[in-house]
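Residue numbers (our numbering): -10 to 222.
Beta carbons: idealized from backbone N, C-alpha and C, even for Gly.
Structure, as structure tokens:
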Ligand SMILES: CC(C)(COP(=O)(O)OP(=O)(O)OC[C@H]1O[C@@H](n2cnc3c(N)ncnc32)[C@H](O)[C@@H]1OP(=O)(O)O)[C@@H](O)C(=O)NCCC(=O)NCCS
């Protein structure tokens, strides 16, 4: 791991989940050639995209090293999702200056999802509210959060969920298919209504942990093998 990359504080996780989070600067990261190969498809991408990709992969490599004590590259699938080594699951997120990856053995968990977002400003939040929130969701907003914080949190939690369940539902689920049904100090519940691969509509409650840190919202979730979403009928 490149020692010039500052760790970013991530809240504690179960022992079986290995997490790496860093703070990075786009120019510094690109200048350092940090030991992760840039795929051909990204060599002409703008610096921000190249740096975010590299930062996410650096975190993923480090998290995998902590899990398996081995070096792995994480290719990109044609649908853009990361391809994790056999026997592992994981998730990646990045903003323009923070990247995070979480990995675990697929014997321990069925799914993992992580997301990190800079808190939207008030104007952006109110412009995006109708896309992110289903009509009933604003009523769930706790008084201690600003509307912008709540909308950013809902967005982030839904993105983390999307990543965690993508392998069964693919791109079919949209923002209004997952709604906040409960929210506490550091955990919320999303109710996901989705069609199973056999065409049955079901609703799955899924807990998402969250934390506000340095004007960012961090969200993450683990899904056990026994959870109904892991075997949709
Ligand atoms: C793919 C998507 C989830 C990425 O989230 P984002 O907040 O835009 O970006 P993040 O930085 O948090 O995550 C990006 C990483 O997600 C991972 N990712 C991309 N597609 C993925 C997928 N289908 N499944 C799991 N992970 C995926 C990649 O590792 C990507 O980083 P990389 O391109 O550098 O490898 C998002 O762009 C998207 O398409 N969302 C679907 C819209 C939606 O309806 N969401 C809510 C439904 S409840």
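Among 6, 210, 220 and 190, whose alpha-carbon lies nearest the alpha-carbon of residue 97?
On the chain shown, residue 97 is found 108 positions in, with the first residue counted as 1. Of the candidates 6, 210, 220 and 190, the one whose C-alpha sits nearest the C-alpha of residue 97 is 6.
I need the boundaries of the alpha helix (DSSP H) containing residue 152, first residue and last residue.
Taking the first residue of the chain shown as position 1, residue 152 is located at position 163. Residues 136 to 158.
What does the alpha-carbon distance come out to for the pair residue 76 and residue 35?
The count along the chain shown starts at 1 and reaches residue 76 at position 87. The count along the chain shown starts at 1 and reaches residue 35 at position 46. Rounded to the nearest angstrom, the two C-alpha atoms are 33 angstroms apart.
Would you call the segment 199 to 213 and the segment 183 to 191 touching, i.e. three or more CB-CB distances under 8 angstroms?
no
Report yes if the C-beta distance between residue 140 and residue 117 is below 8 angstroms; otherwise report no.
Your numbering for residue 140 matches position 151 in the chain shown. Your numbering for residue 117 matches position 128 in the chain shown. Their beta carbons are under 8 angstroms apart, which means residue 140 touches residue 117 by this criterion.
CA-CA distance, residue 225 and residue 154?
For the chain, the structure presents residues -10 to 222; residue 225 sits outside this window and is missing.
What does the alpha-carbon distance come out to for the pair residue 61 and residue 14?
For the purposes of this step, residue 61 is taken as the residue at position 72 of the chain shown. For the purposes of this step, residue 14 is taken as the residue at position 25 of the chain shown. Computed Cα separation, rounded: 24 angstroms.
Which term fits residue 125, buried or exposed, when burial requires 16 or more other beta carbons within 10 angstroms of its beta carbon?
Translated into positions along the chain shown, residue 125 becomes position 136. Counting Cβ neighbours within 10 Å, residue 125 comes out exposed, since fewer than 16 surround it.
I'd like the list of long-range same chain contacts for residue 12, defined as Cβ closer than 8 angstroms, with 5 residues on each side in sequence excluded.
Taking the chain shown and counting its residues from 1, the one referred to as residue 12 is at position 23. Excluding positions up to five away in sequence, the list reads -6, -5, -4, -3, 86 and 87.
Does ligand 1 have a heavy atom nearer than 7 angstroms to the CB of residue 119?
One-based indexing of the chain shown puts residue 119 at position 130. Outside the cutoff, so no.
For residue 67, count the other beta carbons within 10 Å of its own beta carbon; 16 or more makes it buried, fewer makes it exposed. Which is it?
Taking the first residue of the chain shown as 1, we reach residue 67 at position 78. That one is exposed.
Taking the beta carbon of residue 83 as the centre, do at least 16 other beta carbons fall within 10 Å, making it buried, or is it exposed?
In the chain shown, residue 83 corresponds to position 94, counting from 1. Burial call: buried.
State the Cα-Cα distance for the pair residue 104 and residue 23, rounded to the nearest angstrom.
For the purposes of this step, residue 104 is identified with residue 115 of the chain shown, where counting begins at 1. For the purposes of this step, residue 23 is identified with residue 34 of the chain shown, where counting begins at 1. Cα to Cα, residue 104 sits roughly 23 angstroms from residue 23.
Quick one: measure Cβ to Cβ for residue 89 and residue 8, integer angstroms, because I've assumed they're closer than 8 angstroms.
The residue labelled residue 89 in the question sits at position 100 within the chain shown. The residue labelled residue 8 in the question sits at position 19 within the chain shown. Contact holds; Cβ gap of about 7 angstroms.
Apart from the five residues just before and just after residue 129, which ones in its own chain have a Cβ nearer than 7 angstroms to its Cβ?
Here residue 129 refers to the residue found at position 140 when the chain shown is read from its first residue. Correct list, in chain order: 169 and 172.
Contacting residues, own chain, Cβ-Cβ under 7 angstroms from residue 164 (five flanking each side not counted):
Locating residue 164 in the chain shown gives position 175, counting from the first residue. The residues are 120, 121 and 147.
Span of the beta strand (DSSP E) holding residue 12?
The residue given as residue 12 occupies position 23 in the chain shown. Where residue 12 is concerned, the enclosing beta strand (DSSP E) stretches over 7 to 12.
Under 6 angstroms Cβ to Cβ from residue 162, same chain only, skipping five residues before and after it: list those, please.
Numbered from 1 along the chain shown, position 173 holds the residue referred to as residue 162. Excluding positions up to five away in sequence, the list reads 183.
What's the call for residue 166, buried or exposed, on a 16-neighbour Cβ count within 10 Å?
One-based indexing of the chain shown puts residue 166 at position 177. So residue 166 ends up on the buried side.
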